[in-house]
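Residue numbers (the working numbering), protein chains in the order written: chain F, 17 to 492; chain H, 17 to 492.
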């Protein structure tokens, strides 16, 4: 039987155990890189397809840009190069020869895309440019962990150009909302939208907004970001347009990204000591059918029914797997529980005789609930169960999150709160304040939540009057 | 009006003009790299999705592997490193420090995937391993051309491991068939399946099979390859399994790849002097609706009908675009013809009054055919037209190809034939023979077609008796 460390014993070990035992990913023989195995990649593809549809529904198109960026491009935006140059992987040899200008493997694509937009945008008629790209990027990270922080990681990066700041700001918020809806609706993960503090902004942005989620160990995971780049990259790359009033103006640009970290979030938000629990909408397998028999005669009867049930579920549009491996039912139950398959159908000789099946669900903590239900109408019943599980996972995660956020009014209260949860604290937006709190509590300023009532507080560090609060937490 | 060079004047210029004017791709500011713009990328995505479904239908799963490969890995298979090392892009600096072992950006992934399979495969129960990955790879090419030969290119690479050579050989042929079906059914391109000659094999393969297509200038384009890797990579990476008979055996592996070259083939096989002609199944836009009006009063009437027609076509599952740009109808007609949109619906005030539309098709060479048809039943009519166009494009391409292949029995006949077509010639499979013909005629041995009647001939170069013929052509 697969062994995983209990979450309560060592959350970090539990996470790595689940990834291994659920067959999601493996370590690559390249420092800090992972291989995503079919089960993990299928989950990523499902998440990607939902998100891609949301991008297209909001008017965006996909395109592809080169993975190499000339070093001189990165240097054109001062803050950007300062932020990214320590993390670059650099190609210095090509085709057997030393390159005149080294090429960075993209850590993000603002610069090369900015260069292209400068070629493409001439007139107000060319705006807005609304493009997304799915790719992998490389950042030379010192400490890595599958999905959460890897040297090469897969993500999408959206890059848009607009005629006015009003337009670009609306885009920044629109995409933040898209990320929130993806997290809620597909991943069953509640997130807190907010504005990043000055010290946590993207290198080169005027403002960064994020969605922050609470993991099962009450730590925070930044799960997506949306950046107001102002005219910084437009200036650096000369992205100009002739406006209706016949004057030349600089564009306003945005970028926004969400990576396979969200897959790590799905593991950590929903997983339990039996392994993964996957939201049905994104689960690679939504229903596993386990046939149960003791001998060849029973097998042939059971498999016939199992095959028929498989077909009816598949025809109903479900992602279903008939487990015909030569293993014991107990092994199979454990395996599908480990892999987080939301629903399981068990069929034995008695079920065949009774025209019934046993329908088990994965979302109930501890032993899965099981019900004997008729074979007739099974697809409808399973679909309803999956909807219930999808909603139930979000509800559990939301209740857990809400129970672990505390509003604090003093630094001491914050220190206590971040020991095992999030703290919502009044602070000034000052890098020195963020740094002091991080240094002393290991908690970082996650964001200033957008959805908060304005009030009048005193900054817990400086005592200065403030009108909004920030979320602090230890974070991945 | 967009200007493109006539094909008869300069085919190569025509190709580049079409890519630019149809807004498919642009040159990147990195030597030999391109940016694929939304219209081109959408076409690639459509092709990818069809092919991906074919892979899944034949039992394959997707996964993701790192883009970096330690140099020592490439050196483990002697032929492989010999073939690829002159083309490598090499990362020597990471995180500000010189790397102890440089990393190659993958030119193809047999080595790193072979390493992983050695970890994953233990028993015959783990076989076959059937994995595909969609990614981009880098080969430092000297002369580049969009889609056909670029330094970085997008493709898929399938990698499988099997217990017996019988199994791996069946996989090699199965995937060659999948490529053929994709070319025929989705891209409307007839291809010739065959075995590559010794000199044209993939570096590290025992045998390579290819599909070869004829472009509009009668040159050949290798459009997909499937490799029997024997036990070469299994030996190099120690991919072993315990068989049913309790003995340890080496696996047999395959790999197969198809790249965005196929997109270049779609341009070159179907395009004409008006621009692209896209097969409806993969066209990003299948129907463009062009409203025609002279004043605001007409516009409001026409646009109302156009919006309704748009909705009925979209609801029927078609990829449809309502062109509401402030441009003349003539500009729009040309634009959609350039972009190869298979069908066009024109709606003017008379059409509104008559409950009709003008339905134009893009596939007829020269001026597009146009018919006035009722608005009622338009979706069914358009779907039928698109099917007709899809079949018609394949028929035209097949007729053109078949008219330009000659069977030859002497070297002189071959020399004449390859001036403007393919030659099917009896030759021995000998690198020296291939080299001589290439040197003297610029034509290369494309493959020994699988689907040929066995016979008895004399090699046109050596005079030796041979039982099969090879296809020679100048090639991209």
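Backbone N, C-alpha and C define an ideal beta-carbon position, used for all residues, glycine too.
Residue 329 of chain F is positioned such that its CB atom lies no closer than 8 Å to that of residue 357 of chain F. Sorting H:297, H:300, H:301, H:323 by C-alpha distance to the C-alpha of residue 308 of chain H places H:323 at the top.
Boundaries for residue 463 of chain F: no alpha helix (DSSP H) harbours it, while the beta strand (DSSP E) harbouring it runs 460-465, taken from the DSSP string. According to the DSSP assignment, residue 485 of chain F belongs to the beta strand (DSSP E) that extends over 485-489.
Residue 33 of chain H and residue 50 of chain H have their alpha carbons spaced roughly 15 Å apart.
Inter-residue distance for residue 206 of chain F and residue 172 of chain H is about 35 Å (C-alpha atoms, whole angstroms).
Taking the beta carbon of residue 194 of chain F as reference, no residue of chain H falls within 8 Å; the closest one sits roughly 18 Å away. Residue 48 of chain H places its beta carbon less than 8 Å from that of residue 157 of chain H. Contact check for residue 241 of chain H against residue 224 of chain H passes: the beta carbons are separated by less than 8 Å.
Within the region 273-316 of chain H, the beta strand (DSSP E) runs of at least 3 residues that lie entirely inside it are, in chain order, 303-307.
A contact between stretches requires three or more CB pairs, one per stretch, nearer than 8 Å, and the region 219-237 of chain H meets this requirement with the region 192-207 of chain H. Within the region 120-202 of chain H, complete alpha helix (DSSP H) segments of at least 4 residues are found at 126-136, 181-197, given in chain order.
Per DSSP, reduced to three states, the secondary structure at residue 223 of chain H is strand. The beta-carbon separation of residue 434 of chain H and residue 414 of chain H, rounded to 20 Å, does not stay under the 8 Å limit for a contact. Boundaries of the beta strand (DSSP E) harbouring residue 241 of chain H: 236-244, taken from the DSSP string.
At a cut-off of 8 Å between beta carbons, residue 275 of chain H makes no contact with chain F. Per DSSP, the unbroken alpha helix (DSSP H) holding residue 54 of chain H starts and ends at 54-73. Between residue 349 of chain H and residue 306 of chain H, the C-beta spacing is below 8 Å. No residue range can be given for residue 492 of chain F, since it is assigned to no beta strand (DSSP E) and is classified by DSSP as neither H nor E. In the three-state reduction of the DSSP assignment, residue 253 of chain H falls in the helix class. The beta carbon of residue 374 of chain H sits closer than 6 Å to those of 362, 386, 388, all from its chain and outside the five residues before and after it, given in chain order. In this structure the region 389-400 of chain F does not lie against the region 282-289 of chain F, because fewer than three pairs of beta carbons, one per stretch, are closer than 8 Å. Against residue 131 of chain F, the close residues of chain H are 45, in the order they occur along the chain (beta-carbon pairs closer than 7 Å).
Boundaries of the beta strand (DSSP E) around residue 108 of chain H: 105-110. Taking a cut-off of 8 Å on C-beta distances, the region 254-273 of chain F touches the region 167-187 of chain F, as three or more cross pairs fall below it.
The straight-line gap separating the alpha-carbon atoms of residue 282 of chain H and residue 460 of chain H is approximately 22 Å. The residues 476, in chain order, have a CB closer than 7 Å to that of residue 426 of chain H in the same chain once the five nearest residues on each side in sequence are set aside.
Here residue 360 of chain F is bridged, per DSSP, to F:304, F:376. Secondary structure at residue 102 of chain F: helix, using DSSP grouped into helix, strand and coil.
Proximity of residue 86 of chain H to chain F, defined by a Cβ-Cβ separation below 8 Å, is satisfied. Against chain H, the CB of residue 107 of chain F has a partner CB under 8 Å away; the residue lies at that interface. At least one CB of chain F lies nearer than 8 Å to the CB of residue 78 of chain H. Contact annotation: in the region 147-160 of chain F, residues whose CB is within less than 7 Å of a CB in chain H are 147, 152, 156. In terms of beta-carbon proximity, residue 271 of chain H stays away from the interface with chain F, with every pair separated by 8 Å or more. By the criterion of a C-beta distance shorter than 8 Å, residue 102 of chain F is surrounded in its chain by 156, once the five residues flanking it on both sides are discounted.
In this structure, residue 481 of chain F sits away from residue 470 of chain F, with a CB-CB distance that is not shorter than 8 Å.
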